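So the sequence shown is numbered by the working numbering: it starts at 22 and just counts up by one.
Cβ atoms here follow ideal geometry from the backbone N, Cα and C, with glycine treated the same way.
Note that this is a predicted model, so its numbers are computed, not measured.
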Amino acid sequence: FTTTTTIHAKQPIHISPNFKGVFAGSGRDYFSSLEVANSILDLTEKDPSEINVVYLGTATYDLPQPKEKQTFQFVKAGCNVQYLDVVENVPLYRELSATLENADVIVVSGGNTLYAVDRWKLLDVDEMLRKAMHRGAVLTGGSAGAICWFQSGHSDSADPDTYRRAMVEQAAPADKEETITTVDGSGSSDNQDSKKKDWKYIKVEGLGFLPGLICPHHDKVQSNGILRAYDFDSMLLQHPTELGICIDHYAALEVRGNRYRVISLKGKEGSVLQDGTFSPDRQGKPGVWLKEVIQGKIQMMLCPQEGDIEKLLRAPTSIVHDRRVDICRKENPDEGEVPDMLYSDGSDDDLPPY
22 FTTTTTIHAK QPIHISPNFK GVFAGSGRDY FSSLEVANSI LDLTEKDPSE
72 INVVYLGTAT YDLPQPKEKQ TFQFVKAGCN VQYLDVVENV PLYRELSATL
122 ENADVIVVSG GNTLYAVDRW KLLDVDEMLR KAMHRGAVLT GGSAGAICWF
172 QSGHSDSADP DTYRRAMVEQ AAPADKEETI TTVDGSGSSD NQDSKKKDWK
222 YIKVEGLGFL PGLICPHHDK VQSNGILRAY DFDSMLLQHP TELGICIDHY
272 AALEVRGNRY RVISLKGKEG SVLQDGTFSP DRQGKPGVWL KEVIQGKIQM
322 MLCPQEGDIE KLLRAPTSIV HDRRVDICRK ENPDEGEVPD MLYSDGSDDD
372 LPPY
């Protein structure tokens, strides 16, 4: 790729003035930090005892281990933490809506982005989340929990280890929880000599609350043995009008209204060298990179530490569907509870709008 100092804006965007969010390169690893929890809670401008945190673990099929890993800092802070399961035992529609309406913070797990977004659209959760965004709830998550808020993302949703049946089979007692190899890319390895698995990254659609093609774990190698930074370049060349937002494993992009800032966890490795150049072997600190295609070549720049989000991001002029998504849906079908009369206790106002 070619390094540049200017990313060329094409399509202007307008972000909701109430928009608040923290979008991280990893879920489990990033959200285990007290520093991270405090930065998220600060956005609410409330005392922790008054904060309602809602955790959506749809991308990890509502399994218990990821819930505990990504919410224990909020529990320690004294927040009211609710786990909103929508894969099995789906709540009544009005209960589902009320839970999200009362949320000050909404945390989305890492995992299989494609499954989660599809499931939310089936249950109308996507529109509930949109309403939460407009009223100023803090939207957050890492890996899949970051991708889902953007227009699209570089995703490992085609990795069979992220499929529901595989993850349920791998789920184990607490003393064996690290055997769950792929929750959000945190269980990946940078060991190039380890046995590589045969799967490819795909481009998946998010909820579109922010424009951009986002790449979490930008500085990491997962089980297919491919550095995500390099694979993302190949993907972006197939989608040349989109802007790439590339977030290292231990970095995050925080957005508050029309302002943003880059968060890098102290003492953690990343791809940003001291001179501002890219390190493919993580010899620097965590950071966020911007990439775009100019005259058929990838150009990248280090994201400024803070600024105007509407000047940073831009909308694409065209979007191309990744056909491999349809194959993944067949390989990892939604076998969760089907919303029928489950949503209604007999009153019309319980019925979902589908």
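Note to self: Only counting the same chain, and skipping five residues up and downstream in sequence, which positions put a Cβ closer than 6 Å to that of residue 213?
What the structure shows: Any reading at residue 213 must be qualified, since the residue scores a pLDDT of 47, below 50, and its modelled position is unreliable; the value itself is stated next. Within the same chain, residue 213 has no close Cβ partners at all.
Notebook entry, point to check: Span of the beta strand (DSSP E) holding residue 236?
Noted result: 231 to 236
Notebook entry, point to check: Measuring CA to CA, which of 77, 60 and 167 is closest to residue 105?
Noted result: 77
Margin query: So, for residue 84: in the same chain, excluding its five sequence neighbours on each side, which residues have a beta-carbon less than 6 Å away from its beta-carbon?
Written below: 192
Check: For residue 345, which of 304, 252 and 135 has the nearest alpha-carbon?
Finding: Selected option, being the one with the closest Cα: 135.
Next item on the list: Just list the alpha helix (DSSP H) runs in the region 64 to 146, keeping only unbroken ones of 4 residues or longer that don't cross its boundaries, in chain order.
Entry: 85 to 98, 114 to 122 and 134 to 144
Check: Which residues in the same chain have their Cβ closer than 6 Å to the Cβ of residue 299, if we skip the five residues on either side of it in sequence?
Finding: The answer, listed in chain order, is 292.
Check: Per DSSP, what kind of secondary structure is residue 327 in: helix, strand or coil?
Finding: strand
Notebook entry, point to check: Between the region 113 to 133 and the region 325 to 337, do at least 3 Cβ pairs fall closer than 8 Å?
Noted result: no
Notebook entry, point to check: Is the Cβ-Cβ distance between residue 352 and residue 82 less than 8 Å?
Noted result: no
Item checked: Cβ neighbour criterion (16 or more within 10 Å) applied to residue 338 -> exposed
Checklist line | Nearest neighbour of residue 43, chosen from 301, 273 and 357 [CA to CA] | finding: 273
Check: Going straight from the alpha carbon of residue 311 to that of residue 267, what length do you get?
Finding: 6 Å
Next item on the list: Quick one: give me the first and last residue of the beta strand (DSSP E) that residue 268 is part of.
Entry: 265 to 268
Notebook entry, point to check: Quick one, which of 108, 89 and 110 has its alpha-carbon nearest residue 102's?
Noted result: 89
Checklist line | For residue 224, the three-state DSSP class (helix, strand or coil) | finding: strand
Next item on the list: Determine the direct distance from the alpha carbon of residue 270 to that of residue 10, and round the result to whole angstroms.
Entry: As displayed, the chain neither begins before 22 nor continues past 375, which places residue 10 out of reach and without an answer.
Next item on the list: Taking the CB atoms as reference points, tell me whether residue 131 and residue 48 lie closer together than 8 Å.
Entry: A contact, by the Cβ cut-off of 8 Å.
Next item on the list: Mind the definition here: the region 169 to 181 touches the region 217 to 232 only if three or more C-beta pairs lie below 8 Å; say whether that holds.
Entry: By the Cβ test, the region 169 to 181 is in contact with the region 217 to 232, since at least three Cβ pairs between them sit closer than 8 Å.
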